[in-house]
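With numbering that gives the first Met the number 0 as the guide, the letters of the sequence shown map in order to residues 0 to 323.
In this text, a Cβ means the ideal position worked out from N, Cα and C, and glycines have one as well.
This structure is a prediction, so every number in the text was calculated from the model and none was measured.
Remarks on the structure that follows.
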Amino acid sequence: MTTATTFAQQNEIYPGEIWKDNNGNHIQAHGGGIIKINETYYWYGEERSKGLDTNFRYVSCYSSKDLINWKFLGDVVKMADPENLGYRWVLERPKVFYNRKTKKYVMYFHLDDRSYKLARVGIAVSDEPDGNFTYVKSFRPLGHESRDIGQFIDDDGTAYLVFEDRPFGFRIARLSDDYMNVEKEMCLVKAHMEGGAIVHYDGLYYSIGSSLTGWKPNPNKYATATSLEGPWSEFKDVAPPETNTYGSQSTMLLKIAGTKKTTIIFMADQWKPRSQWDSRYLWMPVEIGNGQLQIPQPKPWTINIKTGQWSYIQDGKLTNKPIN
Ligand code: GAL
């Protein structure tokens with residue numbers, strides 16, 4: 000028996016447009032992150048739909064085999080204030096790591112009160128990728144302030160947290176074996192940047208960060224290093240600065256190592272502070288190599304995740320193939 004579907008399969012990614020899930024709803028996975036388990040990608044992010052119960056914070060989860068068509072798996076976190084943080088407490092930028100030893104899915108997120116003074120990470124854990132995640136604890140990683148967080152999994156599988164430490168810059172730190180702690184600082188990058196994202200490409204680490212301008216976009220910048228410990232190069236623009244990163248803010252660099260090409264996707268949010276539910280995603284494959292990184296002009300594009308090859312789309316039309 001085939002299940003009824005409500006939305007046609009899509010072949011392209013439209014940066015900045017409404018991106019619909021399998022139910023035809025605008026994907027709610029803001030400030031998100033992606034992991035791949037076997038052949039499936041899981042996208043976690045802030046669920047900011049209209050009309051949610053304001054006593055709770057929500058993290059949604061979507062799955063996909065092609066990075067284009069996403070199936071809504073539900074809100075894997077529906078959390079009541081876990082630490083007496085009070086009205087308008089904050090859960091942002093959830094990132095999930097899968098621990099092969101413990102077989103647990105470990106979610107990190109920015110936990111705060113409404114004044115953003117707490118500056119901690121929270122951890123929630125699940126046995127399955129699609130939840131539910133149970134809250135475990137919160138702390139300041141290695142004793143430092145932590146607001147925006149990013150996740151980086153190196154080619155050897157080692158998991159790192161990138162976190163913004165307001166007085167100093169941003170830090171890259173290795174997680175403990177079971178991922179339940181932040182164990183070892185690799186580097187303090189003395190640049191005041193958030194939305195931290197890192198990728199390892201062709202022998203070099205590239206890190207991207209956004210300036211501290213709240214929901215307003217700014218010219219995001221990148222630096223390179225041969226080791227996570229640094230030294231990091233000076234930061235340079237990822238796009239013509241007057242575009243303010245095409246109106247977006249970094250959240251992750253996703254590496255697709257295909258049979259013919261390795262493509263790195265810049266994943267970013269186009270925030271709409273007064274209508275958060277309508278915030279958009281700007282995903283673009285980057286031009287990268289030899290220490291250079293640039294986000295090309297955002298236009299509809301498609302990717303073959305088997306070969307890793309991507310291309311722009313000319314006519315930009317949706318096809319009518321149903322999803323099974
Ligand atoms: C941004 C940050 C977002 C959110 C926002 C709140 O700088 O990247 O994740 O915290 O500030 O104003």
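Item, Value
"What runs of the alpha helix (DSSP H), each 4 residues or longer, lie entirely inside the stretch 214-280?", "243-246"
"Within 8 angstroms, do at least three Cβ pairs link the stretch 121-134 to the stretch 74-85?", "yes"
"Is P140 helix, strand or coil when you go by DSSP?", "helix"
"Reducing DSSP to helix, strand and coil, say where E11 ends up.", "coil"
"My guess is that M106 and V95 are in contact by the Cβ rule of under 8 angstroms, so how many angstroms apart are they, rounded?", "5 angstroms"
"Would V181 be called buried (16 or more neighbouring beta carbons within 10 Å of its own) or exposed?", "buried"
"Compute the distance between the beta-carbons of Q248 and D277, then report whether it is under 8 angstroms.", "no"
"Give the secondary structure of M192 by DSSP, where H, G and I count as helix, E and B as strand, and everything else as coil.", "coil"
"Using the Cβ count rule (16 or more neighbours within 10 Å means buried), how would you classify R113?", "exposed"
"May I ask you to report which of helix, strand or coil DSSP gives K298?", "coil"
"Where does I152 sit, in a helix, a strand or coil, going by DSSP?", "strand"
"Taking a contact to mean a Cβ-Cβ separation below 8 angstroms, would you say H191 touches L211 in this structure?", "yes"
"How about T301 and N10: are their beta carbons less than 8 angstroms apart?", "yes"
"Taking Cβ positions, are I207 and Y245 nearer each other than 8 angstroms?", "no"
"Report yes or no: do three or more beta-carbon pairs, one from the stretch 172-189 and one from the stretch 58-69, lie closer than 8 angstroms?", "no"
"Just the C-alpha distance for L187 and L292, rounded to the nearest angstrom, thanks.", "22 angstroms"
"Considering only residues of the same chain and omitting the five flanking positions on each side of Y200, which have a CB-CB separation below 8 angstroms?", "K254, T261, I263, I287, G288"
"Beta carbon of W214: closer than 7 angstroms to some heavy atom of ligand 1?", "yes"
"Give the straight-line distance between the Cα atoms of K35 and E233, rounded to the nearest whole angstrom.", "31 angstroms"
"Return the first residue and the last residue of the beta strand (DSSP E) that N98 is part of.", "89-98"
"Can you grab the Cα-Cα spacing for the pair E144 / E184, in whole Å?", "13 angstroms"
"Under the three-state reduction of DSSP, which class applies to R165: helix, strand or coil?", "coil"
"Give a single yes or no on whether Q269 has its beta carbon closer than 7 angstroms to a heavy atom of ligand 1.", "no"
"For A118, does the count of other Cβ atoms within 10 angstroms reach 16, so buried, or fall short, so exposed?", "buried"
"So, using beta-carbon positions, are F151 and F162 closer together than 8 angstroms?", "no"
"Here's the rule: buried if 16 or more other CB atoms are within 10 angstroms of the residue's CB, otherwise exposed. What is G32?", "buried"
"Is R87 a contact residue of ligand 1, with contact defined as CB to any heavy atom under 7 angstroms?", "no"
"In whole angstroms, give me the CA-to-CA distance for S110 and N54.", "As written in the sequence, residue 110 is Leu, which differs from the Ser given in the question. Rounded to the nearest angstrom, the two C-alpha atoms are 15 angstroms apart."
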